[in-house]
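Written out below as structure tokens is the structure these notes cover.
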Amino acid sequence: MPPVTYDVKGVFQESRSAGHTAVIAHETIPGYMAGMTMPFNVKDPAEVSGLQTGDKITFRLSVTGTDAWIDEIKNTGERVVIPKPVAPEPMNFVQELEPGALLPDCILTNQSGRAFHLGEFKGRALSFTFFFSRCPLPTFCPLMNSNLAAVQRALRLEVTRTNWQLLSISFDPEFDTPAHLSDYARIYQNDPRHWNFATSGLEEIHKLGGAFGLMFWSENGTISHNLRTVVVDASGRVQKVFTDNEWQPTDLVLEMKKAMEAKH
Numbered sequence: 637m638p639p640v641t642y643d644v645k646g647v648f649q650e651s652r653s654a655g656h657t658a659v660i661a662h663e664t665i666p667g668y669m670a671g672m673t674m675p676f677n678v679k680d681p682a683e684v685s686g687l688q689t690g691d692k693i694t695f696r697l698s699v700t701g702t703d704a705w706i707d708e709i710k711n712t713g714e715r716v717v718i719p720k721p722v723a724p725e726p727m728n729f730v731q732e733l734e735p736g737a738l739l740p741d742c743i744l745t746n747q748s749g750r751a752f753h754l755g756e757f758k759g760r761a762l763s764f765t766f767f768f769s770r771c772p773l774p775t776f777c778p779l780m781n782s783n784l785a786a787v788q789r790a791l792r793l794e795v796t797r798t799n800w801q802l803l804s805i806s807f808d809p810e811f812d813t814p815a816h817l818s819d820y821a822r823i824y825q826n827d828p829r830h831w832n833f834a835t836s837g838l839e840e841i842h843k844l845g846g847a848f849g850l851m852f853w854s855e856n857g858t859i860s861h862n863l864r865t866v867v868v869d870a871s872g873r874v875q876k877v878f879t880d881n882e883w884q885p886t887d888l889v890l891e892m893k894k895a896m897e898a899k900h
């Protein structure tokens, strides 16, 4: 299937990863998503090499079922002064945890409507990521869950131990109810014995996510956010935090195998 393409207008903010990523404050993309500020994968880094913060641009966004990227980036010749960004809802009232720190407890509710504590997973290697099911860009929340699906398959095939658990935590509890999460989880063929989709009150999610630098906030009727995927060893201590979408399932599988060996 050819990608679906959209012609988009926006304001360039900055480039990252040697030009392979561009942060753009884009206008509403009719039929796809509301305007917001977010990073995009850039097909050809040369297209952003001459851009400066505040340049108004046009570009083409291409989206497939598993990928998204921008190209045909053109500077309109106009510039705007970018105001100091309004900080998202504060989440840093919890000190960020370093590897080796004990995982704080948190009460969540899974796709079956069962409330549980994170502490229940002590003795198991645990990996959790944060998402919301309405996220439209396949390289963000859908990628995190697709990666976990690949990790689930690999752990079933490659390890004989069963002390492992995956967890996808939604920060959109109003929409991502247990009933909706139950339907959503089936898309990824989760085995509920090893992989749960869950949510909680915003205070609990802020507390847990803030411990790892997660930020999410409402913007133009949707949710803007960064990414965090955490690995906790069987002793209940933080082992690894992935802070972007560039990690591969094989990376997480290796971490999970190591985490299973921790004494508890």
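Heads up, the final residue of the sequence shown is numbered 900 in my numbering, and it's a clean run with no missing numbers. A virtual CB, placed ideally from N, CA and C, is assigned to each residue, including glycine.
Point to revise | Cβ-Cβ distance between A889 and F848 below 9 angstroms | key: Before going further, note that residue 889 is Val rather than Ala in the sequence given. In this structure, F848 does not lie closer than 9 angstroms to V889 by Cβ.
Check your understanding: Which residue spans inside the region 651-684 form an unbroken beta strand (DSSP E) run of at least 3?
Key -> 657-662, 672-677
**Study point:** Selection from R873, G845, K710, G655 that minimises the alpha carbon distance to L863
**Key:** G845
Exercise for review: Whole angstroms is fine: what's the gap from L762's alpha carbon to H861's?
Suggested key: 22 angstroms
Point to revise | Cβ pair count under 8 angstroms reaching 3, the region 747-763 against the region 814-829 | key: yes
Check your understanding: Cα-Cα, which of A704, G667, I660 is closest to P639?
Key -> A704
Exercise for review: Taking E732 as the reference, give the member of T879, K899, P772, K894 with the closest Cα.
Suggested key: T879
Point to revise | Burial state of S653 (16 or more Cβ within 10 Å) | key: exposed
Review point. Pick from L791, T835, V644, L738: whose alpha carbon is nearest that of G810?
Key: A small correction: the amino acid at residue 810 is Glu; Gly does not occupy that position in the sequence shown. It is T835 whose Cα lies nearest to the Cα of E810.
Review point. Do you know offhand how far Y642's Cα is from S698's?
Key: 7 angstroms
Review point. Does DSSP put K758 in a helix, in a strand, or in coil?
Key: coil
Point to revise | Whole runs of the beta strand (DSSP E) within the region 680-715, excluding any shorter than 3 residues | key: 691-699, 704-715
Check your understanding: How big is the Cα-Cα spacing for K899 and G872?
Key -> 10 angstroms
Practice item. Pull up the DSSP beta-bridge partners for R873, would you. Key: L738
Review point. Is it the case that the CB of P639 approaches a heavy atom of the ligand SAM more closely than 8 angstroms?
Key: Judged by which ligands are present, the structure shown has none, so any question about the ligand SAM falls away.
Practice item. Can you tell me which of the three DSSP states N832 falls into? Key: strand
Exercise for review: Within the region 750-794, note down every full alpha helix (DSSP H) run reaching 4 residues or more, in order along the chain.
Suggested key: 777-794
Review point. Can you name, in chain order, every residue of its own chain whose Cβ lies under 7 angstroms from the Cβ of N711, other than the five neighbours on each side?
Key: L687, D691, I693
**Study point:** Candidates Q825, L773, K894, of which the one nearest Y668 by Cα
**Key:** L773
Check your understanding: In the structure shown, what three-state DSSP assignment does L733 receive?
Key -> coil
Exercise for review: Kindly give me the distance between the Cβ atoms of F767 and S818, rounded to whole angstroms, as I take these residues to be in contact under 8 angstroms.
Suggested key: 15 angstroms between Cβ atoms; not a contact.
Practice item. Under 7 angstroms Cβ to Cβ from R792, same chain only, skipping five residues before and after it: list those, please. Key: none
Check your understanding: How far does the beta strand (DSSP E) with L850 in it reach, from first residue to last?
Key -> Premise fails: L850 is in no beta strand (DSSP E) and is neither H nor E.
Practice item. Note the first and the last residue of the continuous alpha helix (DSSP H) segment covering I859. Key: Unbroken run through I859 is the beta strand (DSSP E), 858-861; no alpha helix (DSSP H).
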